[in-house]
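Colleague: Numbering (the numbering used here), first residue to last: 11 to 94. Ideal Cβ positions, reconstructed from N, Cα and C, are used throughout, including at glycine. Source: prediction; values computed, not measured.
#1: Using the beta-carbon count (16 or more within 10 Å), is residue 68 buried or exposed?
#2: Per DSSP, which residues does residue 53 bridge with? Please list them.
#3: I'd like the span of the beta strand (DSSP E) that includes residue 64, first residue to last.
#4: Rounded to whole angstroms, what's the CA-CA distance from residue 50 to residue 58? Just pull it up for me.
#5: Distance check for residue 43 and residue 89, CA to CA, integer angstroms please.
#6: Go ahead and pull the three-state DSSP assignment for residue 83.
#7: Using CA coordinates, which residue listed in 40, 41, 70, 78 is at the minimum distance from residue 60?
Spelled out as structure tokens, the structure:
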């Protein structure tokens, strides 16, 4: 399981964790797509609900595959491309 979700906006009680870089994603989980400096990664048998991880520089989000729910922080322009 990936233990580096970056800078939650909504949860003040959550500890702030340093985001992982695209280079580190390669070693932690398989990257299934790279575009515009955004890396998309998914882990088989990661925790429920099914989701994928996206990183962009120092930012990282998780996106629910079923409902599209986004957790974490991401620049708006990059988020639009991930959710497309």
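Modeller: For this structure:
#1: exposed
#2: Paired residues: none, contrary to the question.
#3: 61 to 66
#4: 18 Å
#5: 15 Å
#6: strand
#7: 78
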